[in-house]
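In order, the protein sequences belong to chains A and B.
All residue numbers for the first sequence refer to the UniProt record's numbering, where the first residue is 1 and numbers rise by one.
All residue numbers for the second sequence refer to the UniProt record's numbering, where the first residue is 1 and numbers rise by one.
Cβ atoms here follow ideal geometry from the backbone N, Cα and C, with glycine treated the same way.
A short write-up of the structure that comes next.
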Amino acid sequence: MNLFVLFLFCVIFHNVISLMPMPKAIQKGEQVVKIENKCSLRYQATEDQYPDFILELLEHFHTLMTPKQCNFKQSFGFSNDLGVMKVFMQIESFEQLYGVETTNQESYRLDIDNELNVYIQVNNHWGLVRALNTLNQLSEKGEIHDLPLTIEDEPTYSYRGILIDSARHFLSVQLIERTIDSLVMNSMNTVHWHITDDESFPLLLTEYPGITHSTKYSENSYYTINDTTRIVEYASKRGVQIIPSFDSPGHSMSWGMTKELADIMMMCGSTIKQYGVLDPTLEKTYQVLESILKDFYQMFKKVKFVNFAGDEVSKTCWDQRPEIKVFMQNNNINDYFELQSYYRRRQKQLWKDVIKAEQDIIYLYRKEDNLPLDKEDIIHWWGDTDQLPFVADKPNRIILMDYFPLFIDAGFGNAFGNPYSVYHTWKEIYKWTPSLPEGSLNTIIGGEVPLWGETNNQNTHFNKLYMRTSVIAETLWNPKVKETEKFASFVKRLIQMEDRMTKQGFPVTPVTHGYCRKNTELCFPVLSEEEQKEQIQTE
Amino acid sequence: MIFIQLLLLAVNAIMPIPISISQGYQTARISRICEVKFFSTQEFPDHIVKLLLHYHELITYDEDCDFEESIQNTNIKIEGALKFEISIKNQEQLYWVTSTNEEAYELQIDENLNVKIQANNHWGLARALDTVNQLAINNEIQNLPIYISDEPQYVHRGIMIDTARNFLPVKLIKRTIDALVINKLNVLHWHITDDESFPLLLSKYSQITNNSKFWKDGFFTKQDVQEIIEYASIRAVQIIPEVDTPAHVHSWGISPDLQSIVITCDTNIKQYGQLDPTLDQTYEVLTSILQDIDDMFHKVQFIHFGGDEASIQCFEQKPSIKEFMTQNGISNYFDLQAYYRKKQKDIWKNQIKSQKKIIYWYNKKDQLPADQDDIIQWWGLSSQLNEVKGRSNQFILSDYHPLYLDTGVGNAFGDRYDKYQGWKDVYKWNPSIPHNFQGTILGGESLLWGETNNQNTHFQKLFLRSSILADTLWNPDQKQDELFPKFAKRLSDMEDRMNKYDFPVSPFTHSYCKRQLDLCFPESYSTKLKLFFMFVIVYLI
C-alpha cells in the first residue's frame, strides 16, 4: 500500500484550509492524504454521460489541475487508484445556463473521503464550477488535508462581478477570455462588459457599420457577432454571465462621427474632453437606436440582463439646440429630467415591445441620476455609500458599485495625465461590506468592481483587477467570514490566492513584500490602528 | 507663431530629442531590413560586437535575420539595406562615463541609407544606434539626408530598483537594462539590501543572506552580479550598487551570532533594524561585507552607502551606547552617526583601498557632514533643496515629488501611501537649483521602491514616466520650445516602441486621445509658449 497517511495533532496544521472565497460550512477530519499520481484527476463517469458544455468545463479544470502530459480523454472511467482524486458528480439539471438569479443555483456539496473519493452534488453546471474550483484549491499542494472533509457552500449574493471597458482601450477577445478564467478561480460570476462609450463603438453593427468603422482604433479592433457569441459561450461554460452594456443617451459621441449620423448626436464638453449626447427629440435617433438594439439583441441573445447605463447626461449639452426646447413645449415635457425619462421610456419600448427582448434592464444610478424606474429594473449604484438613501425608496433590485472603494481604476491619473481620485487599496476593499441604509426598500443582488479603461490596457489589466477583485469576491460570496476571522489569517489566504494566480500566469499586483509574506502575523496583526488600540486597551 | 510651427514640423518624433538635427525632404524605404551591414576600418572588439548584435535584433525585429553576415570589413553597397559605417575613437570597454561628451555622437544618413556614425566610444555608439532605430520606423526613414549631432545635458540619467522588498530575478534586471537603453538612460541604481532581506550571497557571513532570503534561490551570487555588470556595460549602462547602513539593516541581525550588532526597533508592524555603531563586531562584519561588495562590484564607478533614516529612538534603546558616547566624547546621536560614517569610509578607502566614490542619501533631515568627493543623492522635496545649497558636492536629484514611482498604490500593509505621480507631473519637473546653490548637478533618477512592486508591476510603474525623465535629463531645453501635443506625439511613439519590444508599460492615455493628440493635449501646457503669449500680450498693451 503506497498510500501515505499522516495523522496530525498539530493545531497549526489543523487550520490549514486556505480557500478563497471561504466556504460557508466545513466539516473536517484530521487526515492528510497525498495525491501520488501526476495525472491526479479521474472523472468517475464516461464521456458520453455529459453534454459538450459540461465536458468543456471538465476539461478546463483538468488543464488547471494536472500537468500538460495528462490526457483529458483518459481522465474518464472508473478507477480505484488510491493516489488519484476520483470525482463522482451528481448534477440535477443538464440545462446550460447563461446566468443565475438565485444563490442556490451555485450551491454545491463536496465530500472527500480518506481514499480520495470526491463526491460532488450540484443543481447545475454553475454549481459544478464552484465545487471544482474548491477541489482545485484544496488539492493544489499535491495532498489534501483534513480528511474526511465535507463542504456545503452557497454564495450570499447571486451577482458578483467586475466591469471591463473596451471603449477607451480595445481589449482583445483573448484577453476577455483570460479575464473570465481569472474570475473562475475566484468564484466570481459576472463580466459587466462596457462595450461602447464616447471614444469608440467597437461592436460591428449591421445597418450602421459606419459607427463602428469611424471610431475603431485599428483595422480589426471591433467585435463581430461571432466574437460576442464565442465570449458568451466561453463564459457560460465556466459559470460566468456576460452583461453587455452600451451607454446612452450620454456617452454616445461615437455614434455621431459619420456625416449621415452627425445630427442625432450633440457634441459638447470642455476643451479637452469631448462628450456626445443623443438628441432625444428626433425620430431618426430612435431609428438608429432600434437598429442598434436589434443588433445588440442578436449578438447577446442568451444573456440574462442588459445594462443600458444612462449615466451622466449633460443638461447643458441639450441647451445647445433650441429645437429641443420647442419639442419639449409641444410635448408637455417640463424639464430635462422628464426629457431623459422620455428617452428611457422609448428605449425600453423598443427593447420590450418592438424587439420583444426578455432581458431585464440595469441602469446606472447615483444621486444625480435619479430617474423613475419600473419594478423589474435593476439599480446599478455607482455613487458614494452615504448617498444610498437617495434610492432607498425604490423597491428594486440593486447592484452595489460604491464609488469608494470599488472603483479600481482610480488613483493613476486620468487620460490627460492629470490627477484622478485616489487609489483604493486592497485593505479598503476588505473593509467594505454590502449594506443599505435603514429602511431601504432595495434588495441587494450583489456587487461589482469597475475597471474603467481610460488608463487601462492589456499591460495593466490584471494587476489593476487583482488582488483587489479577489478580496471583493470573498466579500460577495461570504461576507460573514471577516467578522470572525483573524486579519492575519485572511492576509495569508490572500497571499495564497496571489501565488495561485501568479502560477496560472496572471500578472497580479503583490499584496505586500517578501518579508511580510513570510511574517503575516507580525505585519497584519489587526485590521486597523483603531482596532489595534482597542485591543491593547482590553489587554 | 508661424516660426514655432515650422520649427516643430521639422522635428522628428525621437525620444529623447537630439540636441541638433538638420534634415532634407526625402524618404527612403528599407526594403531589405534583414541585410543590415556594419562596416568599420577598425576591428570591432567583443563588447562592441555584442552591442551591434543587440541593436541588430532591435532593428531587424526578426529572429530569422542573421547577424553573422552583417559585420563587414568592406563597405558593400546594397540597395534598400541599412549600411552603417562606424568610427569609434576609443575601443576600450567602459563601465561608466564621467562626462557628457563621452556619450556624444554624430550621425549622418543619406538617401541611399548609408549611415555614418562617429562616436568617442561604445557608449556614444549605443546612443547613435538607438537614434537610428527610432528613425527607422515602419521600414523607412524620412527627412533624408539627415544629420544629427547629439550629446546629453546630464551625465547621470537613471532609475533605482529595489531587490530587498521583493526579489527581482537576474532576467528581469537584464530586461530592465534593455528598457533603459531604448530610452538612452545610462544608470541602474541597484538598492540591493534593506531591513527585509539581504539577497547578496556573502562570503564570510552567508547566514545573513540565507536567513533573510525569501526563497531557496532568491539571492544573487558573485557570478550573477558580474553577469549584470557586463550586460549593462555592453549596452552603455552603469550599475550602482547600494548597501544601506547604519539603518535599514534588520536583515543583518537575524542569526544568533549577529543579533548583538543590530538594534531592532519597530512600530507594531514595521520592523526596523539599525547597526550598533559602538561595537567592534559591527565593524568586523561591515568590513567583510564591504570587501565582498568591492570584489563583486569591482568594475563599477560608485558605491551607494545609503545612510538614510537612522533613528535616534533606536539608538536610545541601548544604554551601552550612551555610555560609549560619554567615554568617547561623542556629544549627540548626530555625531554618533557621523562617527559611524567616518569609520565606514575609513574601512572603504584605507583598508579595502577602494577608489570608488561614495553616494549618500540626503533629504532635509539628513544633515550629516559630507566630504568634498562624496556625492549627494537628494530625496527630499524640490522646495527643500535650499537646505543643502551650501554644499559644494555633486548631486543626483531624486526629488520626492514627482520622482518616486512607487507611491500612490498603497504600502506593504495595504494602507494608503502618498499619491501617484502622474506622467504629467514628471513632465513638468526640471532639474532646478535654488539661488546660490554651490553644488553641481550630475543628473537624476526616478525611484521604484519595492514594497508593492514585483515582476508583474515592474515595467508599468517604471514606464512611461521614466521615458519622460530620460527626455528631460538628455535635453531639458527641448520642452521649453516644444508644443505639448508634439511632446505627446513623441511619448505616444515611445509607448508603441516599448510595446513592440514587449515591455508592458502603462498607457499614458486612451486610444481615442492617442489619435487626437492635438485635441487632448492642447498646446497651452507648454511653459515657453505661455511665456511667449504673455510677452505678446504685454507687448500689445
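Check, Outcome
"For the region 391 to 407 of chain A and the region 430 to 446 of chain A, state whether three or more C-beta atom pairs, one from each stretch, are separated by less than 8 angstroms.", "yes"
"Alpha carbon to alpha carbon, how far is A:Val481 from B:Gln394? Give it in angstroms, no decimals.", "56 angstroms"
"Please tell me whether A:Leu522 has its Cβ less than 8 angstroms away from any Cβ of chain B.", "yes"
"B:Glu43 to B:Ile376, Cα distance in whole Å?", "40 angstroms"
"Using a cut-off of 9 angstroms between C-beta atoms, extract the partners of B:Leu464 located in chain A.", "Correct list: empty, because the minimum Cβ distance to chain A is about 10 angstroms."
"List the residues that DSSP assigns as beta-bridge partners of B:Pro507.", "Bridge partners of B:Pro507: none, in fact."
"Please confirm whether A:Gly411 has its beta-carbon closer than 8 angstroms to some beta-carbon of chain B.", "yes"
"For chain B, check one thing: does any of its Cβ atoms lie closer than 8 angstroms to the Cβ of A:His513?", "yes"
"Here's the rule I'm using: 16 or more other beta-carbon atoms within 10 Å means buried, otherwise exposed. How should A:Leu451 be labelled?", "buried"
"How would you call A:Ile378, buried or exposed, if buried means at least 16 neighbouring beta carbons within 10 angstroms?", "buried"
"Output the residue ranges of the beta strand (DSSP E) runs that lie fully inside the region 57 to 115 of chain A and measure 3 residues or longer, sorted by chain position.", "85 to 91, 108 to 112"
"Relative to the ligand NAP, is the shortest distance from any of its heavy atoms to the C-beta of B:Thr131 smaller than 7 angstroms?", "Absence of the ligand NAP from the depicted structure is noted, as is the absence of any ligand whatsoever, leaving it without description."
"Within 8 angstroms (strictly less), CB to CB, does B:Cys513 reach chain A?", "yes"
"Taking the beta strand (DSSP E) that A:Lys34 falls in, what are its first and last residues?", "25 to 34"
"Would a C-beta distance cut-off of 8 angstroms place B:Ser203 and B:Ala164 closer than the cut-off?", "no"
"Would you call the CB atoms of A:Glu106 and A:Pro51 closer than 8 angstroms?", "no"
"Would you identify the three-state DSSP class for B:Ser331, choosing helix, strand or coil?", "coil"
"Taking C-beta pairs closer than 9 angstroms, name the residues in chain A that B:Pro485 reaches, listed in chain order.", "Those do not exist, as B:Pro485 stays about 11 angstroms from chain A at its closest Cβ, beyond 9 angstroms."
"Let me know if A:Asp48 comes out buried or exposed under the rule of 16 or more other beta-carbons within 10 Å of its beta-carbon.", "exposed"
"Can you give me the Cβ contacts of A:Lys237 inside the same chain, cut-off strictly under 6 angstroms, excluding the 5 residues immediately before and after it?", "Phe53, Glu56, Leu57"
"Can you tell me the Cα-Cα spacing of B:Leu188 and B:Ile173, whole angstroms?", "9 angstroms"
"Would you check if the distance between the CB atom of A:Arg493 and the CB atom of A:Glu140 is smaller than 8 angstroms?", "no"
"With DSSP collapsed to three states, give me the class of B:Met160.", "strand"
"Would you call the region 454 to 465 of chain A and the region 504 to 514 of chain B touching, i.e. three or more CB-CB distances under 8 angstroms?", "yes"
"Per DSSP, what kind of secondary structure is B:Asp26 in: helix, strand or coil?", "The residue asked about is misnamed: residue 26 of chain B is Gln in this sequence, not Asp. Correct three-state label for B:Gln26: strand."
"Is A:Tyr222 helix, strand or coil when you go by DSSP?", "coil"
"Please name the residue or residues paired with A:Glu448 in a DSSP beta bridge.", "A:Gly161"
"Helix, strand or coil for B:Val212? Go by DSSP, reduced to three states.", "The sequence shown places Ser at residue 212 of chain B, rather than the Val named in the question. If DSSP states are grouped into helix, strand and coil, B:Ser212 belongs with the helices."
"Could one say the Cβ of B:His510 lies closer than 8 angstroms to chain A's Cβ atoms, at least one of them?", "yes"
"For A:Val508, go through chain B and note every residue whose CB falls closer than 7 angstroms to its CB, in chain order.", "Asn456"
"According to the neighbour-count rule (16 or more other Cβ atoms, all chains shown, within 10 Å of its Cβ), is B:Leu381 buried or exposed?", "exposed"
"Report all residues from its chain with a CB closer than 6 angstroms to the CB of B:Val237; omit the five preceding and five following residues, and keep chain order.", "Ile177, Leu180, Asn186, Leu188"
"Only counting the same chain, and skipping five residues up and downstream in sequence, which positions put a Cβ closer than 8 angstroms to that of B:Val115?", "Leu82, Lys83, Phe84, Glu85, Leu107, Gln108, Ile109, Val132"
"Residues in its own chain within less than 6 angstroms of B:Ile48 by CB, not counting five upstream and five downstream?", "His122"
"Which runs of the alpha helix (DSSP H), 4 residues or longer, sit entirely within the region 241 to 315 of chain A?", "283 to 299"
"Straight-line CA distance for B:Pro369 to B:Asp66?", "56 angstroms"
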